[in-house]
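Chemist: Pasting a structure here, questions to come.
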Amino acid sequence: MAEQTAKRPVSVPLMADLAARGESPEILFWVGCAGAFDDRYKRVTRAFVRILEHVGVSYAVLGMEESCTGDPAKRAGNEFLFQMQAMTNIATLNGYGIKKVVTACPHCFNTIKNEYPALGGEFEVIHHSTFLQQLINEGKVTAKGGESFKGRRITFHDSCYLGRANNIYEAPREVLEVLDADLLEMKRCKTNGLCCGAGGAQMWKEPEPGKKDVNIERTEEALATLDGDADVLLNLQGVESTAPVLPAGSNRGGSVIAVACPFCMTMMADGVKNKEREQDVQVFDLAELIASAEGLNA
Amino acid sequence: MHFSIQNILFLLVAVAGFGLFAWQARKIRANILVGRDRDMSGHVNERLWKTLLVAFGQQKMFKRLTPAFLHLIVYVGFIVINIEVIEIMVDGLFGTHRFLQFLGPLYSALTGTNEVLGALVVLAVVVFWWRRNVGVVRRFTGPELRAWPKLDANVILYVEVVLMVALFTMNAADLKLHQLEGKDLPGAFPVSSLLTGLFPDNLTALAVLERVGWWAHIVGILLFLNYLPSSKHFHIIMAFPNVFYSRLVPQGQFSNVESITHEVKAMMDPSYQVPAPATNPDGSAAAPTPFGAKDVDDLAWTNLLSAYSCTECGRCTSVCPANLTGKLLSPRKIIMDTRDRVEEKYNSPLIFHPSLYGPEAKHNPQEQLDKENHTLLRGYVTPEELWACTTCNACVEACPVNINPLESIVEMRRFLVLEESAAPNSLNVMFSNIENNGAPWAFSPSDRFNWADDLFVAEK
């Protein structure tokens, strides 16, 4: 495969280098801690950069100058640590005269967009789902020429910090629509979406004792939706199937749980693994799906 | 007009009823104002619009159609019956009889609508009672909905039936009285006309029954009015101010603690002037305000207002991912605890105090014995509940009257972390990772850009 596709190396532009040359990029890509360190989500970061390179938008990243936005500290109640992080980041961003920030993490998005302004950080902040939607609307991304998703089932798991927190429900769905796949909605979606279980700093601690972990509950619902499995759905409270049941033993054709958040990615992937469904169900971020469909994976 | 001793009696009853309510309302207002100050001025048009949609228009109720429809009947019935209450008040004070009859056809429309709604209210109440006591609506169960809260919910339903029965007794007796006397009773009575057969043919008995119905209806309403402050049914009043003062910012936006902002700014810039600490009126230094919330007076007054507007419907808890998966957290319980605690610590305006209704009414009796820790945090709400929250905003989204349980949860987390350093250890590890590495995981900041190594893009 590789010998058939011409590929070119990407040198990701650093903000410090651009500033030294007196240039300013159109957008700053805020990578986030998960995007920089989590092995799985690094692939999303790289997919998103491939899209940025492909459409030729001028961008830069902070690299080692980026630091945690403070979201997990704030949600856990450590306001002091949050504000230390926030003011340091704001000083960095303001120092470079940044106007527009794009990020693939809804937690970074929410914090920079909603909580930084009161601390002196006024930026136009865009989540990558909205950014991808704009690229599609402008015709810069067509999702043709790469991998085809025809006949595959995709269900989108809403991120709380994108949806309920900031009212972004349509952008990720519009992005998925260009894939020409079978899109299925879970019963609990949009404003009624169920959390993946990792928000509010839960990502960094064991869950409190209970009957079940939240990500298992959510994964069961996602799998039941993808399978059209009425029996499983009946066990979930008040949930009805919307999709036809797949014949037993049929190849599910690589169904996808689509996410737009690093925490959701981890939680859904863990859930799929727990249910031993990695063979036929994959968890992908919107950026990965678009990069594949656009044929940008080198 | 037949002015009589009845009118003087009615005046006394009405003054006593409204007076007692005003006295209770004053205490509740004082209870709400023990909360921390929060500037909610401005955005009046936006707030009024929201109140119109969410409180008057029941917008958020319609997320669940069956209860929305049943609730709408009772709600519209309540509003229309209030017009009749005006008539009853005037009749009662001035000895008139059905004084609104001068409205003519409009009066027939009013009484007719009222009768139909009255009958539908009885039907709705029966379904409500079934759903609550026999049916399997999960949100009507749960540890916080035993004892007084459970009794309270049923009492409201019973009272509503009694009020409707009184209304129909009054109308049907009056109708039959007029029929036997060969006179026309102004108004339309589609339901009472079906009931006249149940009433005696004796004129005196009918006159007495009409009076009994009339008095039972208005006295019932005045008693119910004074029951409200003890009850979750207080939401019929408090929903309106609560929606008016609800948050207008995105749900994901948490408040930035201002006192901490000053501290951090001073740390980052030594020339920054931190505002002088607050002083008491006599000039002495005021006690410092703690970070976060340990007790009800550490919450904002809007949080306390919310506690009084909660109708314990449990929509918040029924969508809470932690609660759904069997964890201890119930957003409804946090709100109910807040109200119980404020009533315990400050004035209890209640005629029916929750603590009178058995040990089950208290959530953590063991901890309540511990006077030292007897505050909202720990006395009522345990850290385990607070740490189970994913801050997903599902509870906030679900509340039909715009209560925000998440605000209180985060405020109590702030107290645990900033005042007591009592976060779970794994979260302390996360904090120190952020402090030392700029990331919640233990990775070196120098590896932050490694993802960009050997990155290729397919050339098309």
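Chains A and B, in that order, are what the protein sequence lines are.
The first sequence begins at 0 in numbering that gives the first Met the number 0 and counts up by one.
The second sequence begins at 0 in numbering that gives the first Met the number 0 and counts up by one.
All residues carry an ideal CB built from backbone N, CA and C; glycine is no exception.
Is the segment 316-330 of chain B close to the segment 256-273 of chain B, with three or more CB pairs under 8 Å?
Modeler: No: fewer than three Cβ pairs fall under 8 Å.
Chemist: Kindly indicate if chain A contains any beta-carbon less than 9 Å away from that of Ser347 (chain B).
Modeler: Here the question's residue 347 (chain B) lines up with position 348 in the second sequence. For Ser347 (chain B), the answer is no, since every Cβ of chain A falls outside 9 Å of its Cβ.
Chemist: So Leu184 (chain B) and Asp173 (chain B) are in contact, right, with Cβ under 8 Å, and what is the actual spacing, rounded?
Modeler: Here the question's residue 184 (chain B) lines up with position 185 in the second sequence. Here the question's residue 173 (chain B) lines up with position 174 in the second sequence. About 6 Å separates the two Cβ atoms, so the contact holds.
Chemist: Please classify Ala164 (chain A) as buried or exposed, where buried requires at least 16 other C-beta atoms within 10 Å of its C-beta.
Modeler: Against the first sequence, residue 164 (chain A) aligns to sequence position 165. Buried.
Chemist: Among B:Leu179, B:Val409 and B:Asn81, which one has its Cα closest to the Cα of Thr203 (chain B)?
Modeler: Along the second sequence, read from residue 1 onward, the residue named residue 203 (chain B) stands at position 204. The residue with the shortest Cα to Cα distance from Thr203 (chain B) is B:Leu179.
Chemist: On the CB-based measure, 16 or more other CB atoms within 10 Å of its CB, does Ala284 (chain B) come out buried or exposed?
Modeler: Counted from its first residue, the second sequence places residue 284 (chain B) at position 285. Its Cβ having fewer than 16 others within 10 Å, Ala284 (chain B) is exposed.
Chemist: Hey, does Asn170 (chain B) have any beta-carbon neighbour from chain A nearer than 9 Å?
Modeler: The sequence position of residue 170 (chain B) within the second sequence is 171, counting from 1. By this cut-off, Asn170 (chain B) is not an interface position.
Chemist: Since Ala393 (chain B) is in the alpha helix (DSSP H), which residue starts that stretch and which ends it?
Modeler: For the purposes of this step, residue 393 (chain B) is identified with residue 394 of the second sequence, where counting begins at 1. Run containing Ala393 (chain B): Ala393 to Ala397, per the alpha helix (DSSP H) assignment.
Chemist: Helix, strand or coil for Trp440 (chain B)? Go by DSSP, reduced to three states.
Modeler: For the purposes of this step, residue 440 (chain B) is taken as residue 441 along the second sequence, with counting starting at 1. Of the three classes helix, strand and coil, the one that applies to Trp440 (chain B) here is coil, per DSSP.
Chemist: So, does the CB of Lys332 (chain B) fall closer than 9 Å to a CB anywhere in chain A?
Modeler: Looking up residue 332 (chain B) in the second sequence gives position 333. Output row for Lys332 (chain B): interface = no.
Chemist: With a 10 Å radius around its C-beta and 16 neighbouring C-beta atoms as the bar for buried, classify Asn424 (chain B) as buried or exposed.
Modeler: Numbered from 1 along the second sequence, position 425 holds the residue referred to as residue 424 (chain B). Answer is exposed; the Cβ neighbour count stays below 16.
Chemist: Assign Ala259 (chain A) to buried or exposed, taking buried as 16 or more other Cβ atoms, counted over all protein chains shown, within 10 Å of its Cβ.
Modeler: Locating residue 259 (chain A) in the first sequence gives position 260, where the first residue counts as 1. When all chains shown are included, Ala259 (chain A) counts as buried.
Chemist: Scan the segment 255-267 of chain B for residues whose Cβ lies nearer than 8 Å to a Cβ of chain A and list them as they occur along the chain.
Modeler: So the list reads Asn255, Val256, Ile259, Thr260, Glu262, Val263, Lys264, Met266 and Met267, given in the order they occur along the chain.
Chemist: Is there at least one Cβ from chain A nearer than 9 Å to Phe55 (chain B)'s Cβ?
Modeler: Position 56 of the second sequence, counting from 1, holds the residue named residue 55 (chain B). Judged by the 9 Å Cβ criterion, Phe55 (chain B) is not in contact with chain A.
Chemist: Is Trp147 (chain B) buried or exposed, if buried means 16 or more other CB atoms sit within 10 Å of its CB?
Modeler: Within the second sequence, the letter at position 148 stands for residue 147 (chain B). Counting Cβ neighbours within 10 Å, Trp147 (chain B) comes out buried, since at least 16 surround it.
Chemist: Check this for me: beta carbons of Glu127 (chain A) and Phe47 (chain A), under 9 Å apart or not?
Modeler: Taking the first sequence and counting its residues from 1, one reaches residue 127 (chain A) at position 128. Taking the first sequence and counting its residues from 1, one reaches residue 47 (chain A) at position 48. First, the residue type needs correcting, since residue 127 (chain A) is His and not Glu in the sequence shown. Against a cut-off of 9 Å, the Cβ pair of Phe47 (chain A) and His127 (chain A) comes out as a contact.
Chemist: Can you tell me which residues form a DSSP beta bridge with Lys6 (chain A)?
Modeler: For the purposes of this step, residue 6 (chain A) is taken as residue 7 along the first sequence, with counting starting at 1. Lys6 (chain A) is bridged to B:Ala457.
Chemist: For the segment 43-72 of chain B, list every residue whose C-beta sits within 7 Å of some C-beta in chain A, in sequence order.
Modeler: Those would be none; no residue qualifies.
Chemist: Under 7 Å between beta-carbons, which chain A residues line up against Val456 (chain B)? List them in chain order, please.
Modeler: Translated into the one-based positions of the second sequence, residue 456 (chain B) becomes position 457. Neighbours of Val456 (chain B) on chain A, chain order: Lys6, Arg7, Val9, Arg49, Glu52, His53, Leu295 and Ala297.
Chemist: Straight-line CA distance for Leu122 (chain B) to Leu288 (chain A)?
Modeler: Against the second sequence, residue 122 (chain B) aligns to sequence position 123. Against the first sequence, residue 288 (chain A) aligns to sequence position 289. Each residue's Cα considered, the two are about 53 Å apart.
Chemist: I want to verify the contact list: residues of chain A whose CB lies under 7 Å from the CB of Asn448 (chain B), in sequence order.
Modeler: Taking the second sequence and counting its residues from 1, the one referred to as residue 448 (chain B) is at position 449. As written in the sequence, residue 448 (chain B) is Phe, which differs from the Asn given in the question. Result: Gly62 and Met63.
Chemist: Can you tell which of A:Asn77, A:Lys272 and A:Gly55 has the C-alpha that lies nearest to the C-alpha of Phe290 (chain B)?
Modeler: In the second sequence, counting from the first residue as 1, residue 290 (chain B) sits at position 291. Out of A:Asn77, A:Lys272 and A:Gly55, A:Asn77 has the C-alpha closest to the C-alpha of Phe290 (chain B).
Chemist: Quick check: is the beta carbon of Trp440 (chain B) nearer than 9 Å to any beta carbon in chain A?
Modeler: Counting from 1 along the second sequence, the entry for residue 440 (chain B) is found at position 441. Output row for Trp440 (chain B): interface = yes.
Chemist: Residues of chain A with CB closer than 7 Å to the CB of Glu383 (chain B), please, in chain order.
Modeler: On the second sequence, position 384 is the one that residue 383 (chain B) refers to. Simply Glu207.
Chemist: Using 9 Å as the limit for Cβ to Cβ distance, is Gly248 (chain A) near chain B?
Modeler: Numbered from its first residue, the first sequence carries residue 248 (chain A) at position 249. The predicted position of Gly248 (chain A) is uncertain, since its pLDDT is 47 and thus under 50; no value can be drawn from it.
Chemist: Mind listing, in chain order, the continuous beta strand (DSSP E) runs of no fewer than 3 residues lying wholly within the segment 150-190 of chain B?
Modeler: Runs found: none.
Chemist: If contacts are defined as beta-carbon pairs under 8 Å, then Trp300 (chain B) and Arg35 (chain B) qualify, I think. What distance do you get, rounded to the angstrom?
Modeler: In the second sequence, counting from the first residue as 1, residue 300 (chain B) sits at position 301. In the second sequence, counting from the first residue as 1, residue 35 (chain B) sits at position 36. The Cβ separation is near 7 Å, so the contact holds.
Chemist: For Met20 (chain A), count neighbouring Cβ atoms within 10 angstroms of its own Cβ and tell me buried if that reaches 16, exposed if not.
Modeler: One-based indexing of the first sequence puts residue 20 (chain A) at position 21. It should be noted that the sequence gives Arg, not Met, for residue 20 (chain A). Exposed.
Chemist: Under a CB-based cut-off of 9 Å, is Leu193 (chain A) close to chain B?
Modeler: Along the first sequence, read from residue 1 onward, the residue named residue 193 (chain A) stands at position 194. Yes, because at least one Cβ of chain B sits closer than 9 Å to the Cβ of Leu193 (chain A).
Chemist: By a C-beta neighbour count over all protein chains shown, 10 Å radius and 16 as the cutoff for buried, is Pro364 (chain B) buried or exposed?
Modeler: The count along the second sequence starts at 1 and reaches residue 364 (chain B) at position 365. Reliability fails at Pro364 (chain B), whose pLDDT of 49 lies under 50, so the model's placement of it is uncertain and the value that follows must be treated cautiously. Answer is exposed; the Cβ neighbour count stays below 16.
Chemist: Could you give the residue range of the beta strand (DSSP E) that holds Leu183 (chain A)?
Modeler: The residue labelled residue 183 (chain A) in the question sits at position 184 within the first sequence. Counting along the chain, the beta strand (DSSP E) containing Leu183 (chain A) begins and ends at Asp181 to Leu183.
Chemist: Please report the straight-line C-alpha distance between Met86 (chain A) and Gly119 (chain A), rounded to a whole angstrom.
Modeler: For the purposes of this step, residue 86 (chain A) is identified with residue 87 of the first sequence, where counting begins at 1. For the purposes of this step, residue 119 (chain A) is identified with residue 120 of the first sequence, where counting begins at 1. Those two C-alpha atoms are separated by around 8 Å.
Chemist: Less than 9 Å between the C-beta atoms of Leu102 (chain B) and Leu92 (chain B), yes or no?
Modeler: Start at 1 with the first residue of the second sequence, and residue 102 (chain B) comes out as number 103. Start at 1 with the first residue of the second sequence, and residue 92 (chain B) comes out as number 93. Against a cut-off of 9 Å, the Cβ pair of Leu92 (chain B) and Leu102 (chain B) comes out as no contact.
Chemist: Which runs of the alpha helix (DSSP H), 4 residues or longer, sit entirely within the segment 240-292 of chain B?
Modeler: Complete alpha helix (DSSP H) runs here, min 4: 257-267.
Chemist: List the residues of chain B whose Cβ lies closer than 7 Å to the Cβ of Lys73 (chain A), in chain order.
Modeler: Position 74 of the first sequence holds residue 73 (chain A). Within 7 Å Cβ-Cβ: Phe253.
Chemist: Are the segment 192-210 of chain A and the segment 386-395 of chain B in contact at 8 Å, needing three or more beta carbon pairs?
Modeler: Touching, per the Cβ criterion.
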